[in-house]
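Numbering (the numbering used here), first residue to last: 56 to 189.
Working notes, beginning with the structure itself.
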């Protein structure tokens with residue numbers, strides 16, 4: 056697991072032994088985007104893209120804290136991944152596989168964010184339904 060992912064998971068209840076899919080998702084999102092400055096017309100446009108990707112990482116960290124608070128399960132993460140972000144981020148049992156649309160460095164963290172947001176939203180709906188049923 057990447058150091059960045061380990062540092063993010065440090066203060067949560069998630070471990071690779073108890074939540075392998077969720078930890079693998081964080082590790083997937085922690086990868087280096089591999090931006091190449093030669094693909095951009097100017098240095099400011101490259102830096103703009105790089106800062107956007109960094110902000111996406113911070114959003115993932117925040118969503119992970121929320122998921123920890125809600126005690127989200129791997130089953131919920133895997134279920135949400137089937138429809139979130141058009142189902143392009145899928146769990147094959149050991150790792151996350153992403154089907155790229157146009158430009159991988161700008162998409163892969165957006166897909167991880169979409170899966171985490173969908174999982175949290177579904178969990179909130181389940182909790183509301185349970186409260187309303189009482």
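Ideal placement from N, C-alpha and C gives every residue a C-beta, glycine not left out.
Predicted model only: the values in this text are computed from it and were never measured.
Strand pairing of residue 112, partner residues [DSSP]:
Under DSSP, residue 112 takes part in no beta bridge, so it has no partner.
Can you give the beta carbon distance from residue 144 to residue 151, rounded, assuming they're within the 8 Å contact cut?
Between residue 151 and residue 144 the Cβ distance is about 6 Å, and since that is below 8 Å, they are a contact.
Residue 95 versus residue 155: straight-line alpha-carbon distance, rounded
Taking the straight line joining both Cα atoms gives about 19 Å.
Could you tell me the alpha carbon to alpha carbon distance between residue 82 and residue 187, rounded to whole angstroms?
CA-CA distance, residue 82 to residue 187, rounds to 36 Å.
Kindly indicate which three-state DSSP category residue 90 falls into: helix, strand or coil?
DSSP places residue 90 in coil when its eight states are reduced to three.
Run through the region 114–171 for me and flag every whole beta strand (DSSP E) of 3 or more residues, listed as ranges in chain order.
Fully enclosed beta strand (DSSP E) runs of no fewer than 3 residues occupy 144–146 and 151–153 of the region 114–171, in order along the chain.
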